[in-house]
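Take a look at the structure below.
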Amino acid sequence: MIISGAKLLGKAHKEGYAVGAFNINNMEMAQAIFEAADKMSSPIIVQSSEGAVKYAGGYMIHAIVKTLSEQYPHIPVALNLDHGTSVESCVQAIRYGYTSVMIDASHSTFEENLQMTKEVVRIAHAVDVGVEAELGRLVGIEDNIVVDAKNASLVDPAEAEKFVKESGVDYLAPAIGTSHGAFKFKGEPRLEFDLLKEVKQRTGIPLVLHGASSIPDSVRASFESTGGDLKGSKGVPSNFLELAIKGGINKINTDTDLRIAFMAEVRRVARDEPTKIDPRDFFKPARAAVVAMLCERMKVLGSAGRV
Ligand code: TD3
Ligand code: ZN
Numbered sequence: 001m002i003i004s005g006a007k008l009l010g011k012a013h014k015e016g017y018a019v020g021a022f023n024i025n026n027m028e029m030a031q032a033i034f035e036a037a038d039k040m041s042s043p044i045i046v047q048s049s050e051g052a053v054k055y056a057g058g059y060m061i062h063a064i065v066k067t068l069s070e071q072y073p074h075i076p077v078a079l080n081l082d083h084g085t086s087v088e089s090c091v092q093a094i095r096y097g098y099t100s101v102m103i104d105a106s107h108s109t110f111e112e113n114l115q116m117t118k119e120v121v122r123i124a125h126a127v128d129v130g131v132e133a134e135l136g137r138l139v140g141i142e143d144n145i146v147v148d149a150k151n152a153s154l155v156d157p158a159e160a161e162k163f164v165k166e167s168g169v170d171y172l173a174p175a176i177g178t179s180h181g182a183f184k185f186k187g188e189p190r191l192e193f194d195l196l197k198e199v200k201q202r203t204g205i206p207l208v209l210h211g212a213s214s215i216p217d218s219v220r221a222s223f224e225s226t227g228g229d230l231k232g233s234k235g236v237p238s239n240f241l242e243l244a245i246k247g248g249i250n251k252i253n254t255d256t257d258l259r260i261a262f263m264a265e266v267r268r269v270a271r272d273e274p275t276k277i278d279p280r281d282f283f284k285p286a287r288a289a290v291v292a293m294l295c296e297r298m299k300v301l302g303s304a305g306r307v
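1 is the number of the first residue of the sequence shown in the numbering used here; add one for each residue after it.
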């Protein structure tokens with residue numbers, strides 16, 4: 001059964017660990033996530049952006065996750081809409097069967113963000129669906145909206161307190177210096193842990209880290225060994241993730257790491273076996289590489305062994 005995101009994250013918040021929220025737009029990625037969860041006895045959040053919903057279809061994504069949740073009935077899973085841009089989009093996701101929705105109005109004014117989040121909370125809570133919102137802005141790309149450094153801003157803890165109180169949101173993503181994609185930091189990696197702790201103290205709810213991919217050395221090396229170019233890429237180091245969890249993060253969004261691990265194997269097969277034409281010859285090793293990477297990540301997040 002796909003359970004409410006609020007319930008799944010409530011446990012993580014109480015026990016002090018983080019659940020990985022992994023993005024999918026196809027069957028193989030979803031299978032890899034469940035296989036890793038099964039191996040590590042870990043709860044998971046599967047999520048899709050509006051772009052992924054457009055690509056695969058919301059009912060399709062839900063059907064894939066529902067089928068896998070029946071194949072692995074002991075694995076607690078929530079299905080989240082990532083970066084929903086409107087109330088309508090969140091309602092649509094609920095109709096598809098999602099059990100968690102993110103309303104991301106972080107690009108609007110504080111007041112607009114609050115009003116939209118309140119509206120989503122009112123609707124979602126009527127059907128036991130959890131709600132995520134974002135405060136502050138991430139640098140980089142949020143589903144094709146380019147956010148440059150000038151437009152980025154960190155969360156304001158006083159605003160966060162007011163926002164959570166008035167909106168009734170279940171979990172909050174405070175901008176503390178991460179960004180989406182493979183190029184997160186110009187110089188040395190840096191996150192605002194003090195800000196995070198203050199937001200946690202003032203809100204007392206599960207917090208979410210977006211743009212949390214680490215780009216592990218082994219994953220980067222395997223992508224680059226096939227001629228892939230990741231020059232200048234930098235992820236969030238795993239000791240930062242551990243500090244973030246200590247600071248109150250309970251949901252860790254990860255997409256880029258899965259993409260790189262998957263595509264490294266697709267590239268390898270394409271390079272080494274030019275006669276292959278069966279997609280399964282590409283996707284089987286790709287799926288296995290994602291499983292291996294995710295198992296390591298679940299240990300870092302502390303979600304391993306929580307089932
Ligand atoms: O919301 N997401 C996933 C979609 C971002 C586009 O890749 C994240 O916060 C994950 O960010 P990333 O790029 O670090 O995996
Ligand atoms: Zn994100």
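The C-beta atom is built at its ideal place from N, Cα and C for all residues, glycine as well. Just so you know, these numbers come straight off a predicted model, no measurement behind them.
Tell me whether residue i counts as near the ligand TD3, meaning its Cβ is closer than 6 Å to at least one heavy atom of that ligand.
{"i": "D104", "result": "no"}
{"i": "E74", "result": "The sequence as given places His at residue 74; Glu does not occur at that position. Flag unset: Cβ of H74 not near the ligand TD3."}
{"i": "G181", "result": "yes"}
{"i": "T99", "result": "no"}
{"i": "N23", "result": "yes"}
{"i": "T85", "result": "no"}
{"i": "A256", "result": "The sequence given here places Thr at residue 256; Ala does not occur at that position. Under cutoff, so the answer is yes."}
{"i": "D82", "result": "yes"}
What number of angstroms, rounded off, separates the C-alpha of residue i from the C-alpha of residue j?
{"i": "Y228", "j": "T254", "result": "Strictly speaking, residue 228 in this sequence is Gly, with Tyr absent from that position. Between G228 and T254, the C-alpha separation is close to 20 Å."}
{"i": "Y17", "j": "I64", "result": "27 Å"}
{"i": "T117", "j": "G84", "result": "11 Å"}
{"i": "I245", "j": "V129", "result": "24 Å"}
{"i": "A173", "j": "R280", "result": "37 Å"}
{"i": "I2", "j": "Y55", "result": "22 Å"}
{"i": "I123", "j": "S108", "result": "21 Å"}
{"i": "D170", "j": "S49", "result": "19 Å"}
{"i": "S100", "j": "K11", "result": "15 Å"}
{"i": "A177", "j": "L154", "result": "A small correction: the amino acid at residue 177 is Gly; Ala does not occupy that position in the sequence shown. G177 and L154: Cα-Cα distance of roughly 7 Å."}
{"i": "K251", "j": "E273", "result": "39 Å"}
{"i": "S42", "j": "S167", "result": "30 Å"}
{"i": "S218", "j": "V290", "result": "12 Å"}
{"i": "L294", "j": "R306", "result": "15 Å"}
{"i": "A133", "j": "F163", "result": "10 Å"}
{"i": "D143", "j": "E15", "result": "In this predicted model, D143 has a pLDDT of only 49, less than 50, meaning its place in the structure is not dependable; the value taken from the coordinates is given anyway. The straight-line gap from Cα to Cα measures roughly 32 Å."}
{"i": "F283", "j": "E28", "result": "7 Å"}
{"i": "G20", "j": "S303", "result": "8 Å"}
{"i": "N23", "j": "D278", "result": "25 Å"}
{"i": "M263", "j": "K165", "result": "42 Å"}
{"i": "V236", "j": "K197", "result": "18 Å"}
{"i": "Q201", "j": "R268", "result": "47 Å"}
{"i": "E112", "j": "P73", "result": "40 Å"}
{"i": "I141", "j": "P216", "result": "With a pLDDT of 47 at I141, under the threshold of 50, the modelled position of that residue is not reliable, and the figure given next carries that caveat. Cα to Cα, I141 sits roughly 20 Å from P216."}
{"i": "G211", "j": "P189", "result": "12 Å"}
{"i": "I75", "j": "L114", "result": "33 Å"}
Determine the closest residue to residue i out of the options, with distance taken between C-alpha atoms.
{"i": "R297", "options": "L135, L191 and A261", "result": "A261"}
{"i": "I61", "options": "Y171, L79 and P73", "result": "L79"}
{"i": "D156", "options": "H125, A126, F110 and E119", "result": "F110"}
{"i": "Y59", "options": "K162, I75, A221 and I94", "result": "I94"}
{"i": "A105", "options": "Y96, L258, L135 and V127", "result": "L135"}
{"i": "A292", "options": "I277, D278, T275 and E265", "result": "E265"}
{"i": "H125", "options": "P285, I277, V19 and S4", "result": "S4"}
{"i": "Y96", "options": "L209, G57, Q115 and G187", "result": "G57"}
{"i": "V127", "options": "Q115, Q201, I205 and Y98", "result": "Y98"}
{"i": "L209", "options": "V77, I75, M102 and P73", "result": "M102"}
{"i": "A13", "options": "Q71, K299, T203 and L258", "result": "First, the residue type needs correcting, since residue 13 is His and not Ala in the sequence shown. It is T203 whose Cα lies nearest to the Cα of H13."}
At a Cβ threshold of 7 Å, is residue i touching chain D?
{"i": "S179", "result": "You won't find chain D in this structure, because it holds only one protein chain."}
Is residue i near the ligand ZN, going by C-beta to nearest heavy atom under 6 Å?
{"i": "N253", "result": "yes"}
{"i": "H13", "result": "no"}
{"i": "H107", "result": "no"}
One question on the structure: do residue i and residue j come within less than 7 Å of each other, judged by their Cβ atoms?
{"i": "T226", "j": "R287", "result": "no"}
{"i": "F185", "j": "K231", "result": "no"}
{"i": "L138", "j": "S179", "result": "yes"}
{"i": "L301", "j": "G248", "result": "no"}
{"i": "F223", "j": "L191", "result": "no"}
{"i": "S213", "j": "S238", "result": "no"}
{"i": "D312", "j": "Q31", "result": "Shown here, the chain extends from 1 to 307; a query on residue 312 therefore has no answer."}
{"i": "L243", "j": "F193", "result": "yes"}
{"i": "I44", "j": "A37", "result": "yes"}
{"i": "L9", "j": "F34", "result": "no"}
{"i": "A160", "j": "V121", "result": "no"}
{"i": "N25", "j": "A6", "result": "no"}
{"i": "E119", "j": "V91", "result": "no"}
{"i": "T256", "j": "G187", "result": "no"}
Pull up the DSSP beta-bridge partners for residue i, would you.
{"i": "K310", "result": "Since the displayed the chain opens at 1 and closes at 307, residue 310 lies outside it and no answer follows."}
{"i": "V131", "result": "V101"}
{"i": "F183", "result": "K234"}
{"i": "G302", "result": "Note: G302 sits in no beta bridge, so no partner."}
{"i": "D82", "result": "S49"}
{"i": "V77", "result": "I2 and I44"}
{"i": "Y171", "result": "E132"}
{"i": "A21", "result": "I45 and N253"}
{"i": "S89", "result": "Beta-bridge pairing links S89 to no other residue."}
Residue i: beta carbon under 6 Å from a heavy atom of the ligand MN?
{"i": "G211", "result": "Annotation note on the ligand MN: not contained in the displayed structure, which lists the ligand TD3 and the ligand ZN as its ligands."}
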